[in-house]
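> Everything in the sequence shown is counted per this note's numbering, starting at 710 for the first residue and increasing by one.
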Amino acid sequence: MSNANEIEVSAKDLPLHCPTPEVALWSSHPRVFLDVAKTGHVACPYCGTKYKLKAGEVVGHHH
Numbered sequence: 710m711s712n713a714n715e716i717e718v719s720a721k722d723l724p725l726h727c728p729t730p731e732v733a734l735w736s737s738h739p740r741v742f743l744d745v746a747k748t749g750h751v752a753c754p755y756c757g758t759k760y761k762l763k764a765g766e767v768v769g770h771h772h
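1) Please name the residue, chosen from E766, V745 and P754, that lies closest to S737 on a Cα-to-Cα basis.
2) Determine the direct distance from the alpha carbon of P739 to that of G749, and round the result to whole angstroms.
3) Between which two residues does the beta strand (DSSP E) carrying V741 extend?
4) Which residue comes first and which comes last in the beta strand (DSSP E) that contains Y760?
5) In the DSSP assignment, the beta strand (DSSP E) including H738 goes from what residue to what residue?
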């Protein structure tokens, strides 16, 4: 597999889901929500796109 994209996201992008609205419809897959807030980075299980939270972003936890 080639190098997967890594996309930097901010707190305003949460809840994070893949594919994002910018993904072309032909390369789309079922929407999956990803918990980037837990570790600061996450990879999509469908397409392998990597997401990382921008440094210094504060994520509010809803409990």
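Cβ atoms here follow ideal geometry from the backbone N, Cα and C, with glycine treated the same way.
These numbers were taken from a predicted model, which means no experiment stands behind them.
For this structure:
1) Locating residue 737 in the sequence shown gives position 28, counting from the first residue. Of E766, V745 and P754, the residue nearest in Cα terms is P754.
2) As a position in the sequence shown, residue 749 is number 40, starting the count at 1. As a position in the sequence shown, residue 739 is number 30, starting the count at 1. One C-alpha to the other measures close to 23 Å.
3) Position 32 of the sequence shown, counted from the first residue, corresponds to residue 741. Unbroken beta strand (DSSP E) run through V741: V741 to L743.
4) The residue given as residue 760 occupies position 51 in the sequence shown. K759 to L762 is the extent of the beta strand (DSSP E) around Y760.
5) For the purposes of this step, residue 738 is identified with residue 29 of the sequence shown, where counting begins at 1. Careful: H738 lies outside any beta strand (DSSP E) and carries neither H nor E.
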